[in-house]
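K.L.:
Here you go, one structure.
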Amino acid sequence: MAKLSKPGKNLPNRLLRWFDNWGRTLPWRQGAPRNPYLVWLSEIMLQQTTVAAVIPYFEKFIKLYPDVYTLANASKDEVLSHWAGLGYYARARNLHKCAKIIASDFGGIFPKTEAGLKALPGIGPYTAAAILAIAFGQPTTVVDGNIERIMARLFRVKDPWPKSKKKLHALAKGLTPELRPGDYAEALMDLGATICTTKAPDCPACPLQGDCLAFQEGLQTTLPIRERPREKPTRRGIVFWLEDNGHVLVQRRPDKGLLGGMLEFPSTPWGQEEISPGAAKPFAPVKTEWHPVAGEVRHTFTHFHLRLKVLKGVTKATGHNGQWLREKDLINAGFPTVMKKVAQHVLGEKKI
Ligand code: SF4
11 MAKLSKPGKN LPNRLLRWFD NWGRTLPWRQ GAPRNPYLVW LSEIMLQQTT
61 VAAVIPYFEK FIKLYPDVYT LANASKDEVL SHWAGLGYYA RARNLHKCAK
111 IIASDFGGIF PKTEAGLKAL PGIGPYTAAA ILAIAFGQPT TVVDGNIERI
161 MARLFRVKDP WPKSKKKLHA LAKGLTPELR PGDYAEALMD LGATICTTKA
211 PDCPACPLQG DCLAFQEGLQ TTLPIRERPR EKPTRRGIVF WLEDNGHVLV
261 QRRPDKGLLG GMLEFPSTPW GQEEISPGAA KPFAPVKTEW HPVAGEVRHT
311 FTHFHLRLKV LKGVTKATGH NGQWLREKDL INAGFPTVMK KVAQHVLGEK
361 KI
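Heads up: the sequence shown begins at 11 in this note's numbering, then just goes up one per residue.
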């Protein structure tokens with residue numbers, strides 16, 4: 011078999027030429043150099059979330075909070091309500107905390123070092139590298155899941171992912187250019203999103219075809235090899251829908267943990283065992299008659315599936331920790347998706 015040629019030295023230039031013609035126009039890619047606030051905001055929003063899902067949220071946020079000071083001066087609850095539906099709510103809490111620190115301790119200017127950025131809430135190695143490369147032109151190596159996939163294919167890495175992460179990172183580092191590192195990072199992101207996609211890489215259109223060992227061996231759809239993901243467990247719980255004269259009882263979740271700080275309808279804890287309506291009653295916000303609502307609400311988080319049944323009560327009772335919201339205000343209240351599903355399940359055609 012003929013010896014395969016390895017990804018060459020000129021790979022970054024080939025990729026950059028392609029990027030100059032085919033790079034995506036995205037709302038956070040403004041100006042050269044890029045605005046660090048916009049880069050940071052977009053990178054936090056894009057963690058585990060698609061570009062298509064992020065764009066409307068990003069546009070809303072820069073309209074409401076055009077700079078780090080306006081974001082820092084907003085209340086946490088307001089920021090969380092505008093983030094509602096985007097998921098992974100710890101990101102929004104950290105975003106707000108980070109804005110406050112940048113505004114109060116750094117005079118509104120983002121640190122220009124990896125250590126300085128990583129010391130801020132919500133900024134890990136990937137986001138720090140992306141900000142340094144894209145906003146500050148530093149030749150850092152930016153590696154997310156998409157870029158790991160490209161490296162696994164370019165270098166024909168057959169070790170299973172995620173164990174191969176370290177190797178893929180080292181390979182990516184070896185390619186990172188000194189010149190135009192921000193454009194190079196964005197170019198790799200675009201290549202992963204539009205050409206070297208997970209299921210159907212468009213190799214004939216790829217500017218790196220001549221460098222790619224996976225393509226040369228016909229392994230482009232086989233790599234990267236993934237370890238079989240563990241089955242997600244299912245958790246169950248019962249939600250208490252309490253209403254009174256067109257108002258519904260809601261409460262805020264504790265700041266720490268899943269959906270931290272977000273609005274919710276009161277519920278039992280979510281556990282592996284099915285809980286009966288009788289066993290659920292000690293968790294109810296008030297003592298009243300509770301009636302089951304037919305069906306169940308299903309939602310999937312990163313690590314588990316959730317099945318929620320709903321008990322409905324009607325009372326003016328007090329002594330709970332929640333607040334009453336008008337039914338018609340539920341749509342703009344800033345619920346996370348799972349709680350929106352609960353409201354839609356109960357309200358049926360009146361959908362929020
Ligand atoms: Fe990905 Fe195909 Fe390009 Fe290789 S040639 S980097 S597999 S799109």
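By construction, the Cβ of each residue, glycine as well, lies at the ideal position given by its N, Cα and C atoms. Quick caveat: nothing in here was measured; it's all calculated off a predicted structure.
Kindly confirm or deny that the region 270-279 and the region 303-316 touch, where touching means at least three C-beta pairs closer than 8 Å.
P.N.:
The region 270-279 vs the region 303-316: no contact.
K.L.:
Does DSSP put F250 in a helix, in a strand, or in coil?
P.N.:
As a position in the sequence shown, residue 250 is number 240, starting the count at 1. Reduced to three states, the DSSP call for F250 is strand.
K.L.:
Are P234 and V167 close, meaning C-beta to C-beta below 8 Å?
P.N.:
Taking the sequence shown and counting its residues from 1, one reaches residue 234 at position 224. Taking the sequence shown and counting its residues from 1, one reaches residue 167 at position 157. Yes, Cβ-Cβ distance for P234 and V167 is below 8 Å.
K.L.:
Rounded C-beta distance between V348 and H309? I'm assuming under 8 Å.
P.N.:
Sequence index remark: in the sequence shown, residue 348 carries index 338 (1-based). Sequence index remark: in the sequence shown, residue 309 carries index 299 (1-based). Their Cβ separation, rounded to whole angstroms, is 4 Å, which keeps V348 and H309 in contact under 8 Å.
K.L.:
Thinking just about the alpha-carbon of each residue, which of A94, C108, T278, M55 is nearest to the one in W251?
P.N.:
On the sequence shown, position 241 is the one that residue 251 refers to. For W251, the nearest C-alpha among the options comes from T278.
K.L.:
What do you get for P121, buried or exposed, if any count of 16 or more other CB atoms within 10 angstroms of its CB means buried?
P.N.:
Here residue 121 refers to the residue found at position 111 of the sequence shown. So P121 ends up on the buried side.
K.L.:
Between C108 and P131, which are expected to be in contact by the criterion C-beta below 8 Å, what is the C-beta distance as a whole number of angstroms?
P.N.:
One-based indexing of the sequence shown puts residue 108 at position 98. One-based indexing of the sequence shown puts residue 131 at position 121. Going by Cβ atoms, the distance from C108 to P131 rounds to 5 Å, so yes, they are a contact pair.
K.L.:
What do you reckon, are the CB atoms on R245 and Q282 nearer than 8 Å?
P.N.:
Here the question's residue 245 lines up with position 235 in the sequence shown. Here the question's residue 282 lines up with position 272 in the sequence shown. Taking 8 Å as the Cβ cut-off, R245 and Q282 qualify as a contacting pair.
K.L.:
Is it buried or exposed for E284, if we count other Cβ within 10 angstroms and need 16 for buried?
P.N.:
Within the sequence shown, the letter at position 274 stands for residue 284. Exposed, by the Cβ-count rule.
K.L.:
Report whether the distance from the Cβ of R27 to the nearest heavy atom of the ligand SF4 is below 7 Å.
P.N.:
Sequence index remark: in the sequence shown, residue 27 carries index 17 (1-based). False, no ligand heavy atom lies under 7 Å from that Cβ.
K.L.:
In the DSSP output, what is W32 paired with across the bridge?
P.N.:
Position 22 of the sequence shown holds residue 32. None, per the DSSP bridge assignment.
K.L.:
I235: beta carbon under 7 Å from a heavy atom of the ligand SF4?
P.N.:
Within the sequence shown, residue 235 is the residue found at index 225, counting from 1. Not so, every heavy atom of the ligand SF4 lies at least 7 Å from the Cβ.
K.L.:
Between T123 and E299, what straight-line distance do the alpha-carbon atoms span, to the nearest angstrom?
P.N.:
Locating residue 123 in the sequence shown gives position 113, where the first residue counts as 1. Locating residue 299 in the sequence shown gives position 289, where the first residue counts as 1. Cα to Cα, the separation comes out at about 59 Å.
K.L.:
Excluding five sequence neighbours on each side, which residues of the same chain lie with their C-beta closer than 8 Å to the C-beta of A12?
P.N.:
If you number the sequence shown from 1, residue 12 lands on position 2. Because A12 sits at a pLDDT of 48, beneath the cut-off of 50, its placement in the model cannot be relied upon, and the following sentence gives the value as read from the coordinates. So the list is empty, once near-sequence residues are dropped.
K.L.:
Pick from D115, V258, P187: whose alpha carbon is nearest that of V3?
P.N.:
The first residue shown for the chain is 11 and the last is 362, placing residue 3 beyond what the model contains.
K.L.:
From what residue to what residue does the alpha helix (DSSP H) around R101 run?
P.N.:
Within the sequence shown, residue 101 is the residue found at index 91, counting from 1. That run of the alpha helix (DSSP H) goes 100-115.
K.L.:
Cβ of F165 within 7 Å of any heavy atom in the ligand SF4?
P.N.:
In the sequence shown, the residue the question calls residue 165 occupies position 155. Checking the Cβ of F165 against the ligand SF4 gives no.
K.L.:
For a test of the three-state rule: what should DSSP assign to A304, helix, strand or coil?
P.N.:
The residue you call residue 304 lines up with position 294 of the sequence shown. Strand at A304.
K.L.:
For D30, count neighbouring C-beta atoms within 10 Å of its own C-beta (all shown protein chains included) and say buried if the count is 16 or more, exposed if not.
P.N.:
Residue numbering aside, residue 30 sits at position 20 when the sequence shown is read from its first letter. Classification for D30: exposed.
K.L.:
The ligand SF4 and Q219: does the residue's C-beta get closer than 7 Å to at least one heavy atom of that ligand?
P.N.:
If you number the sequence shown from 1, residue 219 lands on position 209. Result yes, Cβ under 7 Å from the ligand SF4.
K.L.:
Can you tell me whether D154 sits near the ligand SF4, meaning its C-beta is under 7 Å from at least one heavy atom of the ligand?
P.N.:
If you number the sequence shown from 1, residue 154 lands on position 144. Checking every heavy atom of the ligand SF4 against the Cβ of D154, none is found closer than 7 Å.
K.L.:
A224: beta carbon under 7 Å from a heavy atom of the ligand SF4?
P.N.:
Along the sequence shown, read from residue 1 onward, the residue named residue 224 stands at position 214. It does: the Cβ of A224 is within 7 Å (strictly closer) of some heavy atom of the ligand SF4.
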